[in-house]
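Step one of this worksheet: look at the structure below.
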Amino acid sequence: MSSTPIPSATRIPTRTFTSARRINRSLTAGTEKRALIYLAEHAPAWLTSDQLTLLGLTAQIGAGIAYALARYKRFALLAVVLCLILNWLGDSLDGTLARVRHQQRPRYGFYVDHIVDVFGSVALMCGLACSGLLHWQTGIAMLIAFLILSAESYLATYTLSTFELSQGFFGPTELRILLILGNLAALRSPWAHVLGHRLLLFDIGGAIGAASMFVLAIVVTIRHTTELYQQEPLP
69 MSSTPIPSAT RIPTRTFTSA RRINRSLTAG TEKRALIYLA EHAPAWLTSD QLTLLGLTAQ
129 IGAGIAYALA RYKRFALLAV VLCLILNWLG DSLDGTLARV RHQQRPRYGF YVDHIVDVFG
189 SVALMCGLAC SGLLHWQTGI AMLIAFLILS AESYLATYTL STFELSQGFF GPTELRILLI
249 LGNLAALRSP WAHVLGHRLL LFDIGGAIGA ASMFVLAIVV TIRHTTELYQ QEPLP
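Each number in this note's numbering corresponds to the 1-based position in the sequence shown with 68 added.
Structure, rendered in structure tokens:
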């Protein structure tokens, strides 16, 4: 029995997806891009983007666990540094590897990459909140501010077809660098003296970081709302 082909007019159309334009203006963007392309071009054939994504998530969870252990052994901060480096490698190289090998899966990659970021960031911040390096309220404030900024970024990606990997000159890589520097400073002493007051170093950095992210989220929200209103004015 021969099968009759389905007329083209009755075929179910294949869904199309257009990737959002990626914008990265961070301080390390140029150097980081060249390094990632080099690593992707020289990566072993058995290495896959999914494995790198899993490495990034595992390393971020490991960093959270190491932060929690730092409450009892401060040298666990060295493990945090290592995990942050591995997180950068997995989180940053997975997409570059897919593009170099022409194996892009735009919807799958965008969804998995960023849902992994959310879960990993929760693990990292919860571990930091348990570390004794700052008050847990500061850690929760940082987590809330990060999630708000992330949500705004994902909504803007959907509505404006533009994905901003950085805000101004500051992006995820810069955040990792600041955390690494903070960890190395906390190995020496977790305290800082400001205007005659003895404060936890991570409390200072965390409060500044949370406040900056809250303000940035408000500013970007106003800018994007104005842009969308201009594109879709009332009749």
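Heads up, the beta-carbon is just placed ideally off N, CA and C, and yes, glycines get one too.
Reference A113, options E295, L152, R169, G188, closest by Cα
Residue 113 sits at position 45 when you count from the first residue of the sequence shown. Among E295, L152, R169, G188, the Cα nearest to that of A113 is on R169.
N-terminal and C-terminal residue of the alpha helix (DSSP H) that E232 is part of
Taking the sequence shown and counting its residues from 1, one reaches residue 232 at position 164. Taken as a continuous stretch (DSSP letters only), E232 belongs to no alpha helix (DSSP H), being part of the beta strand (DSSP E) at 230-232.
With DSSP collapsed to three states, give me the class of Q171.
Stepping through the sequence shown from its first residue, residue 171 is reached at position 103. Judged by DSSP in its simplified three-state form, Q171 adopts coil rather than helix or strand.
Please report the distance separating the alpha-carbon of E109 from that of A260.
To locate residue 109, count along the sequence shown from 1; it is residue 41. To locate residue 260, count along the sequence shown from 1; it is residue 192. Straight-line measurement puts the Cα of A260 at about 44 Å from the Cα of E109.
Helix or strand or just coil, what does DSSP make of G274?
The residue given as residue 274 occupies position 206 in the sequence shown. In this structure, G274 counts as helix in the three-state DSSP scheme.
Take the Cβ of F48 as the centre, count every other Cβ of all protein chains shown within 10 Å, and call the residue buried at 16 or more, exposed below.
Given that the chain is displayed from residue 69 to residue 303, the structure contains no residue 48 and the question cannot be resolved.
Select from L255, Y226, T164 the residue whose C-alpha is nearest the C-alpha of L296.
Within the sequence shown, residue 296 is the residue found at index 228, counting from 1. Minimum Cα distance to L296 is reached at Y226.
Does the separation of the CB atoms of C151 and G130 fall below 8 Å?
Working through the sequence shown from its first residue, we reach residue 151 at position 83. Working through the sequence shown from its first residue, we reach residue 130 at position 62. It is a contact, given that the beta carbons lie within the stated cut-off.
For my contact list, A197 and I208 are in at a C-beta cut-off of 8 Å; report their separation, rounded to the angstrom.
In the sequence shown, counting from the first residue as 1, residue 197 sits at position 129. In the sequence shown, counting from the first residue as 1, residue 208 sits at position 140. Right, the Cβ-Cβ distance comes to about 6 Å (below 8 Å), so this counts as a contact.
Could you please give me the residues that DSSP links to F238 through a beta bridge?
In the sequence shown, the residue the question calls residue 238 occupies position 170. Answer is Q235.
Considering Cα atoms alone, identify which of V288, V283, Y222 is closest to R89.
The residue labelled residue 89 in the question sits at position 21 within the sequence shown. Per the Cα distances, Y222.
Mind checking whether G158 and T121 have CB atoms under 8 Å apart?
Residue 158 sits at position 90 when you count from the first residue of the sequence shown. Residue 121 sits at position 53 when you count from the first residue of the sequence shown. Taking 8 Å as the Cβ cut-off, G158 and T121 qualify as a contacting pair.
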